[in-house]
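Notes follow the structure.
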């Protein structure tokens, strides 16, 4: 038999044979939900609805606060400086905007938490009451 044939054909056949044995991964399962029409799919790891991401996280701020405590020094929010903006024609005759951006500048979870706390303190200093709506233009 030709060695080139074995070198190409044999790995392909073995690869298909091994993949066929693995089967499909089940990512979603159908669950019975009372009172609702239609099919309900859920992640196979969670048979019932997940109401809290973590224990003790009842609000979005609680979730954010826990994430900041778990990963204080890790990168959280990144921005990039706009270096250059160009308008150029595309193949279909329209113009498009091409942006050249600089490197990312990151703030950590800890720095973001401090900024959120300062912002909240400023809103309270302006006289905002608990459970009221916040409508400020930034």
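In mature numbering (1 follows the signal peptide of the UniProt record, and there is no 0), the protein residues as written are -19 to -1, 1 to 119. Beta carbons: idealized from backbone N, C-alpha and C, even for Gly.
Task: Burial state of residue 90 (16 or more Cβ within 10 Å) - done: buried
TODO: Run the CB neighbour count on residue 49, radius 10 Å, all protein chains shown included, and call it buried at 16 or more, exposed below.
DONE: Looking at its Cβ environment, which holds 16 or more other Cβ atoms inside 10 Å, residue 49 is buried.
TODO: Provide the residue(s) that pair with residue 10 in DSSP beta bridges, ordered along the chain.
DONE: 23
Open item on the list: How far does the beta strand (DSSP E) with residue 61 in it extend, from its first residue to its last?
Closed with: 56 to 70
Task: Pick from 47, 52 and 68 that is closest to residue 38, judged by C-alpha positions - done: 47
Open item on the list: Pop quiz: residue 11 and residue 22 are said to be a contact at Cβ under 8 Å. What is the actual Cβ separation, rounded to whole angstroms?
Closed with: The beta-carbon separation of residue 11 and residue 22, rounded to 6 Å, stays under the 8 Å limit for a contact.
- [ ] Could you tell me the distance, in whole angstroms, from the CA atom of residue 78 to the CA atom of residue 86?
- [x] 23 Å
TODO: Provide the residue span of the alpha helix (DSSP H) that contains residue 103, from first to last.
DONE: 90 to 106
Task: Coarse secondary structure for residue 79, derived from DSSP in three states - done: strand
- [ ] Let me know the secondary structure DSSP gives residue 31 once reduced to three states.
- [x] coil
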